[in-house]
Amino acid sequence: MASLTIRKLDDGIKSYLRLRSAKNGRSVEEEVRVILREYCEGSPAPASSLPPPSPAPTESPAVERTGPSVGQPSVTLIIGGGIAAFKALELIRRLKERHIDVRCVLTRAAQQFVTPLSASALSHERVYTDLFDPGSEFDAGHIRLARECDLIVVAPATADLMAKMAHGHADDLASAILLAANRPILLAPAMNPLMWNNAATRRNVMQLRRDGIHMIGPNAGEMAESNEAGVGRMSEAAEIAAAAVDILRPPRPRPLAGKRVLITAGPTHEAIDPVRYIANRSSGKQGFAIAAAAQAAGADVTLVSGPVELRDPPGVTVIRVESARDMLHRVQAALPADIAIFAAAVADWRVANEGEQKLKKTPAGMPPLQLVENPDILATISKLEDKRPPLVIGFAAETEHLIDNAKAKIARKGCDWIVANDVSPSTGVMGGDRNTVHLLTRNGADIEVDSWPVMTKEQVAAELVAKIAKAVENDS
Ligand code: CTP
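Here UniProt numbering is used: position 206 in the sequence shown is 206, and no number is missing along the way.
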């Protein structure tokens, strides 16, 4: 059956169709369907009302449009204006690799960084730039671009675009689509760290989150501007594509629904004086990934974290602390829990007498730093008589004799499972994105060791949460 491309019709017919469809509150395509139906049923539109034919349009699309594929999810990708716009081209590729149709909208500012032609070539679709586009068969284009898709992704989401969204502005195609949307929206913010931290942006972000808008990033790192670093870099294309797939995917099973999970993460800082502290290289990434995975599995998650540069995982209650003693108090206050996972790299020692003033260099030499042991949070909670969570999981960070030391730790601390990882500098685990772990579980008097291959910290988290879900299911 032949398909009809409205864009290629005579201008006169197009304007007749536009007028008629606007009058009837339909899209042009729907209006054409109605006319054809009426014609077949014997009540065609009066010929006198049809416009005279006009010369064929000379313009032809640079890239042949393939149209959405049947059964494939589709994304309207709004590319905002910013240096990160070039990553949006990579994002088109990543989405298409995942069998997602992509239809792009470029803001005026985005066109300073990428061209409609490149977005069109990658998406195999026409690209939209104007709110009032006479050449578009997308009648009331913003409405259809907002609704004839499964998800709207904005990458980069600039501070300006987010401000417009938060306040309901619709003065260009991108903001009109976002205001007219009845589909989920995923933003990948990208901006200068000062703009991200500006009070106005913070308010807008909070409002957008409250409005149910999904966000990925921004990440911390170097900015395109020279000598600038901080939180503001747009997430990588693969991360955004993965987040889009997560939203598009049918709802996942929630094996930990109704369970309370308590997690510690990150390092602790132990003050020496008001300006100095003892710390370690933990990034908190593994604990945060576990919190996100447990939340995705339906758990009610509380994450007690030492000082880290990570965003709060969505839907997780995050309590930020400094020292080991703060962490212990907040963990105790967060009980009861069904499952407790201690991923924090807690400092073993603190300074006995924290200086009230900054320690000064004196001719007498270096100040003696007397250390005292910190409370062991994992051991304290494992040994509780009343509020001990039914499943307590510790981590073992080792640089030698990994399994033997981990076995000794499980016994000494009284937890049920231990996730042992080699944190020698050569592994890159501390601060890195990957981890190689061994899961030690008690089986009566024996301890079983399950060695996992090298994985990303997110994969380790997903695997651990799957094991926990299985254990919880077996116990119930
Ligand atoms: N842990 C804790 N409180 C501490 C020290 C450690 O809760 N004061 C927890 C960690 O969160 C981890 C486990 O105990 O789950 C093991 O931590 P690790 O640093 O590997 O061992 P340590 O107990 O510090 O022992 P060592 O330094 O001798 O290896």
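For each residue, glycine too, the CB sits at the ideal point set by N, CA and C.
The model shown is predicted, which means the values in this text are computed figures rather than measured ones.
Could you tell me if residue i is buried or exposed, where buried requires 16 or more neighbouring beta carbons within 10 angstroms of its beta carbon?
i: methionine 366; result: exposed
i: valine 454; result: exposed
i: phenylalanine 288; result: buried
i: phenylalanine 132; result: exposed
i: glycine 444; result: exposed
i: alanine 190; result: buried
i: serine 60; result: Residue confidence is low: serine 60 scores 30 on pLDDT, short of 50, so the model does not pin down where it sits. No coordinate-derived value is stated.
i: leucine 122; result: buried
i: proline 53; result: Low per-residue confidence applies at proline 53: pLDDT is 39, beneath 50, and the placement is therefore not dependable, though the value from the model is reported in the following sentence. Under this definition proline 53 is an exposed residue.
i: glycine 258; result: exposed
i: alanine 47; result: Its pLDDT being 39, under 50, alanine 47 is placed unreliably in this model, and the coordinates cannot settle the point.
i: alanine 56; result: The predicted position of alanine 56 is uncertain, since its pLDDT is 34 and thus under 50; no value can be drawn from it.
i: asparagine 435; result: buried
i: histidine 214; result: buried
i: alanine 176; result: buried
i: serine 451; result: exposed
i: histidine 167; result: exposed
Shorter than 7 Å, the distance from the beta carbon of residue i to the closest heavy atom of ligand 1, or not?
i: valine 114; result: no
i: leucine 384; result: no
i: alanine 342; result: In the sequence under discussion, the amino acid at residue 342 is phenylalanine, which differs from the alanine named in the question. Checking every heavy atom of ligand 1 against the Cβ of phenylalanine 342, one is found closer than 7 Å.
i: leucine 378; result: yes
i: alanine 294; result: no
i: glycine 82; result: no
i: proline 267; result: no
i: aspartate 422; result: no
i: proline 307; result: no
i: asparagine 227; result: no
i: alanine 289; result: no
i: lysine 413; result: yes
i: aspartate 312; result: no
i: lysine 457; result: no
i: lysine 409; result: yes
i: valine 346; result: yes
i: alanine 159; result: no
i: phenylalanine 395; result: yes
i: asparagine 353; result: no
i: alanine 324; result: yes
i: asparagine 374; result: yes
For the beta strand (DSSP E) containing residue i, list its first residue and its last residue.
i: glutamate 385; result: Segment: none, glutamate 385 is in no beta strand (DSSP E) and carries neither H nor E.
i: tryptophan 349; result: 349 to 351
i: threonine 129; result: Run containing threonine 129: none; DSSP gives neither H nor E here.
i: alanine 340; result: 339 to 342
i: asparagine 219; result: 219 to 222
With respect to the alpha helix (DSSP H) encompassing residue i, which residues constitute its N-terminal and C-terminal limits?
i: proline 313; result: Premise fails: proline 313 is in no alpha helix (DSSP H) and is neither H nor E.
i: alanine 166; result: 159 to 167
i: residue 489; result: Any answer about residue 489 is impossible in this case: the structure gives the chain only from 1 up to 476.
i: serine 175; result: 173 to 180
i: glutamate 97; result: 85 to 97
i: alanine 466; result: 457 to 475
i: asparagine 198; result: Unbroken run through asparagine 198: none, as it is neither H nor E.
i: alanine 296; result: 285 to 296
i: glutamate 448; result: No alpha helix (DSSP H) holds glutamate 448; the beta strand (DSSP E) holding it covers 446 to 451.
i: glutamate 400; result: It is not in any alpha helix (DSSP H) - glutamate 400 carries neither H nor E in the DSSP assignment.
i: arginine 330; result: 324 to 334
i: aspartate 376; result: From DSSP, aspartate 376 is part of no alpha helix (DSSP H); its letter is neither H nor E.
Are residue i and residue j touching if we call contact CB-CB under 8 Å?
i: proline 389; j: aspartate 338; result: yes
i: valine 304; j: alanine 271; result: no
i: isoleucine 216; j: leucine 91; result: no
i: alanine 406; j: alanine 420; result: yes
i: valine 75; j: leucine 106; result: no
i: alanine 324; j: valine 351; result: no
i: alanine 344; j: threonine 264; result: yes
i: isoleucine 341; j: isoleucine 410; result: no
i: cysteine 149; j: glutamate 125; result: no
i: glutamate 473; j: proline 251; result: no
i: isoleucine 278; j: valine 331; result: no
i: glycine 80; j: threonine 129; result: no
i: alanine 237; j: valine 261; result: no
Measure the beta-carbon distance from residue i to residue j and round it to whole angstroms, keeping in mind my assumption that it falls under 8 Å.
i: valine 102; j: leucine 77; result: 5 Å
i: aspartate 416; j: arginine 442; result: 6 Å
i: isoleucine 247; j: proline 184; result: 5 Å
i: threonine 399; j: aspartate 422; result: 7 Å
i: proline 313; j: alanine 292; result: 4 Å
i: valine 465; j: alanine 199; result: Actually they do not touch by this definition, with Cβ atoms about 36 Å apart.
i: alanine 181; j: isoleucine 152; result: 6 Å
i: alanine 243; j: leucine 186; result: 6 Å
i: alanine 85; j: proline 193; result: With a Cβ gap of about 18 Å, alanine 85 and proline 193 do not count as contacting.
I want to check one thing, is the minimum distance from the CB of residue i to the heavy atoms of ligand 3 below 7 Å?
i: threonine 264; result: The ligand content of the structure shown is limited to ligand 1, which means ligand 3 is not among them.
Using beta carbons (cut-off 8 Å, strictly below), is residue i in contact with chain C?
i: arginine 254; result: The chain inventory of the structure shown lacks chain C, comprising one protein chain alone.
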